[in-house]
Amino acid sequence: MLRIQVCVLTVITIFILIESLGAREVTLRFGEFNLTVKELSSNLDEIFKVKDYRNIDKSLNGLQVGNLELEVKRVALAVDASMATLRESKDYDFLITHHGIFWSKSEKIVSGMYERVKWLIDNDLALYCVHLPMDAHSVYSHSKVFSDFLGFHSPIPFANYKGFNLGIISIAGFNFSEILKRIETHNKHVLYYKKFKEYVEKVAIVSGSGYSFFEEALEHGVDLFITGDTSHQIYPLAEEYGVNLIFAGHYFTETFGLIKLMEYFKIQKELEVNFILKDTNL
């Protein structure tokens, strides 16, 4: 049996998210015997096509630190590779994060960076990062999974960044108050701007720091724009075009793809998977 351990957003919230996102079969190619860091990294590289983002993403996607021959029995997933997350992952073999520790090709390993790299090595913990490749993925995109979770339908990709779409335009069919309540049930740290019509027909979602795609969303005639980070600079356009705004939190909006990714491991009968919650309230 797959054992999923989840930290207390809340324990109930994470289980509700997992249940709401539904099941999906994923075909994997693992080694005949034990699953190693090298094999798991290779499979993730293929699923997320990390090579396609090599000259596009500032993040170093893929395996950032790890012993390639180490056997993987326990996998943890988290938004950030913070020191607090690493400490909680001490007893795991493989940690997957949306935000890794290397963001440039020439980053110095000193101070806090040194401490994190040393911790990973000392504890035989492999670190795998998937940033833009997750944002733009057809299945594991935070924006896409968040849209599904909110009950929206007919999603189409948008928010073009160097040829990759990081967001979703969906049909909502709910009142603004209903959408806001659904989000606030799972995340209390929500800001919003509500001045226009209550009924939301079309909505744009870009997880994380997606406010720079607001003008592109306007071209689609949306009634509501949802992203993670707040930005006062889009207020004048929202006022001019009559679009309501929800800033649901950078951290919260970037948990969805990772939770969906837990399905990736469900065919591994003895593999333990844990989502490590370190909510920043931001």
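Quick note: the sequence shown, position 23, residue 4 per the numbering used here, numbers continuous.
From the three backbone atoms N, C-alpha and C, an ideal C-beta is built for every residue, glycine too.
Should residue i and residue j be called a contact, given that it needs their Cβ atoms to be closer than 8 angstroms?
i           : j           : result
residue 147 : residue 191 : yes
residue 235 : residue 123 : yes
residue 204 : residue 176 : no
residue 40  : residue 131 : no
residue 44  : residue 22  : yes
residue 259 : residue 17  : no
residue 161 : residue 174 : no
residue 24  : residue 111 : no
Given this structure, state the Cα-to-Cα distance separating residue i from residue j, to the nearest angstrom.
i           : j           : result
residue 316 : residue 256 : The chain is shown only over -18 to 263; residue 316 falls outside these bounds and no answer can be derived.
residue 228 : residue 171 : 6 angstroms
residue 70  : residue 207 : 31 angstroms
residue 107 : residue 217 : 45 angstroms
residue 247 : residue 55  : 12 angstroms
residue 15  : residue 210 : 41 angstroms
residue 3   : residue 84  : Here residue 3 scores only 47 on pLDDT, less than 50, and its place in the model should not be relied on; the value that follows carries that caveat. Straight-line Cα distance between these residues: approximately 33 angstroms.
residue 253 : residue 75  : 11 angstroms
residue 178 : residue 28  : 40 angstroms
residue 214 : residue 197 : 15 angstroms
residue 220 : residue 68  : 45 angstroms
residue 52  : residue 244 : 20 angstroms
residue 149 : residue 193 : 14 angstroms
residue 159 : residue 262 : 22 angstroms
residue 251 : residue 19  : 18 angstroms
residue 80  : residue 155 : 32 angstroms
By Cβ distance below 7 angstroms, which residues in the same chain neighbour residue i in space, the five residues on each side in sequence not counted?
i           : result
residue 134 : 151 and 152
residue 127 : 186, 188, 234 and 237
Give me, in chain order, the residues of the same chain whose beta-carbon lies closer than 6 angstroms to that of residue i; leave out the 5 immediate sequence neighbours on both sides.
i           : result
residue 77  : 58 and 109
residue 233 : 168
residue 121 : 115, 238, 241 and 242
residue 34  : 42, 113 and 114
Can you give me the Cβ contacts of residue i inside the same chain, cut-off strictly under 8 angstroms, excluding the 5 residues immediately before and after it?
i           : result
residue 98  : 46, 82 and 90
residue 144 : 37
If you pair each beta-carbon of the segment 37 to 50 with each one of the segment 97 to 112, do three or more pairs fall below 8 angstroms? yes
Of all the beta strand (DSSP E) runs that stay within the bounds of the segment 91 to 171, which reach a length of 3 or more residues? 107 to 110, 134 to 142 and 145 to 156
Sequence ranges, alpha helix (DSSP H) only - wholly within the segment 4 to 69, length at least 4: Entirely contained in the segment 4 to 69, the alpha helix (DSSP H) runs reaching 4 residues are, in chain order, 18 to 29 and 64 to 69.
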